[in-house]
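In the working numbering, the protein residues as written are 1 to 454. Don't be surprised by glycine CBs; every beta carbon is placed ideally from N, CA and C. Being a predicted model, the structure only gives us computed values, none of them experimental.
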């Protein structure tokens with residue numbers, strides 16, 4: 001761990017820095033500055049490559065390559081230059097504009113200086129930059145990581161499909177299931193939210209100071225500015241927002257955040273369930289000889305990966321409502337209170353990524369304790385009460401449910417007492433034979449089949 005990491009206030013940039021390093025490319029200060037530079041440069045190149053803009057100085061392909069290199073070769077040293085300019089301007093986007101003008105001057109293209117940031121408000125650059133950062137994270141990082149994680153969940157579902165296990169409703173023994181089927185439940189739920197996140201494409205606007213193309217229209221009223229700017233926004237593979245105030249209304253971002261929040265809840269549920277299965281000794285964790293479970297109790301093997309995931313997912317979900325509630329609200333055409341909030345968007349994603357890594361690590365340690373699972377099933381013949389009353393109903397026995405309720409509710413049934421109960425039932429011999437052959441291990445319905453479904 002570096003000195004900088006040790007001195008970090010946030011554990012994201014300290015203790016967990018290596019777990020979220022890839023997010024530096026999307027949500028760091030450097031990433032924001034670089035993306036702003038990219039947007040400014042691409043807007044300038046877009047104008048230069050559009051024949052409608054006859055007021056622009058003539059340029060050639062070699063000059064365009066020089067312009068493009070301003071953002072392609074952008075690095076930490078260049079970002080530091082932007083930050084130095086910002087100390088003078090006290091305006092982050094203006095600092096980017098000044099930086100680009102200087103870069104153009106350094107490659108002999110000062111004739112383009114006045115056309116940097118033309119027809120743009122800072123929020124045109126900002127909203128597009130943030131949308132681009134979030135969209136790139138969503139498609140390049142989040143969705144692939146989520147897909148890979150859920151694939152592992154499904155592998156466990158299939159692998160453990162035939163391991164019969166007691167289920168628990170209200171914390172009490174219930175009809176048996178299979179261990180694999182319980183993992184399949186989470187695979188199915190995660191897939192649902194994964195699809196929703198896949199649909200959460202980000203959007204951006206590029207219509208000036210209050211969303212009406214005021215400056216654009218004065219510049220040239222004959223140009224179809226909505227069409228032009230839509231083409232520009234679409235070049236980033238983003239949705240185009242034509243109607244807006246100075247700000248893009250962030251509803252698509254909030255849609256994504258809501259889907260992340262829902263996904264986080266499912267992952268918290270998964271973390272808690274695995275924690276409980278470990279607590280019940282249904283799942284065991286592979287032991288590392290170098291690890292310590294407790295500073296005073298040497299025997300401990302704690303479910304720390306799942307506890308870590310639960311904690312970080314909770315942090316992610318504590319931030320998301322604040323982001324949603326702020327980003328959808330802005331006074332009149334715009335106030336600046338969303339600026340500092342927007343800089344924290346990456347935090348909720350960082351906590352999610354930390355959690356996914358912890359869950360992945362924890363899953364690799366798990367193995368079913370078949371002996372314990374089978375022992376508890378064999379001691380729980382009362383869970384066949386559902387099967388008994390169902391067959392009794394089939395045989396048209398009045399008050400079937402109440403009869404079995406009196407015999408089994410709050411009681412434990414042994415194999416012998418179960419068989420005695422069946423022998424004395426007034427049901428046909430075929431059904432009686434079926435129930436006599438039935439065991440808690442067998443009474444899992446279609447659990448195994450469902451666990452193996454693609």
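Does DSSP put residue 28 in a helix, in a strand, or in coil?
-> coil
Run through DSSP, which three-state label would residue 400 get?
-> helix
Assigned secondary structure, residue 77 (DSSP; H/G/I helix, E/B strand, else coil) | helix
For residue 174, does the three-state DSSP call read helix, strand or coil?
-> strand
Taking residue 97 as the reference, which of 148, 21, 137, 43 has the closest Cα?
-> 43
Closest Cα partner of residue 76 within the set 48, 28, 329, 90 = 28
From what residue to what residue does the beta strand (DSSP E) around residue 365 run?
-> No beta strand (DSSP E) contains residue 365, which is instead part of the alpha helix (DSSP H) from 345-365.
Report the three-state DSSP secondary structure of residue 306 (helix, strand or coil).
-> helix
From residue 136 to residue 437, what does the alpha carbon distance come to, in whole angstroms?
-> 57 Å
Distance, Cα to Cα, residue 286 vs residue 305?
-> 12 Å
Based on the DSSP secondary-structure assignment, which residues constitute the bridge partners of residue 169?
-> 172
Separation of residue 362 from residue 143, as counted between CA atoms = 20 Å
Along the chain, where does the beta strand (DSSP E) that runs through residue 435 open and close?
-> Counting along the chain, residue 435 falls outside any beta strand (DSSP E), though it belongs to the alpha helix (DSSP H) covering 429-437.
Please list, in chain order, all residues of the same chain as residue 324 whose beta carbon is under 6 Å from its beta carbon, the five residues on each side excluded.
-> 254, 257
Could you give the distance in angstroms between the alpha-carbon of residue 147 and the alpha-carbon of residue 443?
-> 33 Å
Through-space distance from residue 401 to residue 387, alpha-carbon basis | 10 Å
Less than 8 Å between the CB atoms is what I'm expecting for residue 36 and residue 93, so what's the real figure, rounded?
-> 6 Å
Backbone secondary structure at residue 416 - three-state DSSP = helix
Comparing alpha-carbon positions, which option in 113, 132, 23 lies nearest residue 458?
-> With the chain represented from 1 up to 454, any question about residue 458 goes unanswered, as that position is not in the structure.
DSSP beta-bridge partners of residue 240 = 204
So what's residue 461 in DSSP terms, helix, strand or just coil?
-> Look at the range of the chain in this structure, 1 to 454, and you will see that residue 461 is not part of it.
Do residue 337 and residue 223 have their CB atoms nearer than 8 Å?
-> no
With DSSP as the reference, label residue 368 as helix, strand or coil.
-> strand
In this structure, does DSSP put residue 164 in helix, strand or coil?
-> strand
Within its chain, find whatever has a CB closer than 6 Å to the CB of residue 242; leave out the 5 residues flanking it on each side and keep chain order.
-> 226
Residues of its chain near residue 328, where Cβ-Cβ distance is below 8 Å and the 5 sequence neighbours each way are ignored | 249, 250, 251, 254
DSSP three-state assignment for residue 312, whether helix, strand or coil = helix
Those runs of the alpha helix (DSSP H) which lie wholly inside the region 241-279 and span at least 4 residues | 251-279
Does the beta-carbon of residue 391 have 16 or more other beta-carbons within 10 angstroms, so that it is buried, or is it exposed?
-> buried
Nearest to residue 63 by alpha carbon, out of 112, 79, 352?
-> 112
Using DSSP with H/G/I as helix, E/B as strand and the rest coil, what is residue 390?
-> helix
Does DSSP put residue 91 in a helix, a strand or coil?
-> coil
Cutoff 7 Å; reference residue 262; Cβ partners in own chain excluding five residues on either side = 193
What do you get for residue 300, buried or exposed, if any count of 16 or more other CB atoms within 10 angstroms of its CB means buried?
-> The pLDDT assigned to residue 300 is 48, lower than 50, so where the model puts this residue is not dependable; a value taken from the coordinates is nonetheless given after this. Exposed, because fewer than 16 other Cβ atoms sit within 10 Å of the Cβ of residue 300.
Given 8 Å as the limit, is there contact between the region 108-122 and the region 72-89, that is, 3 or more CB pairs closer than that?
-> no
Contacting residues, own chain, Cβ-Cβ under 7 Å from residue 154 (five flanking each side not counted) = 187
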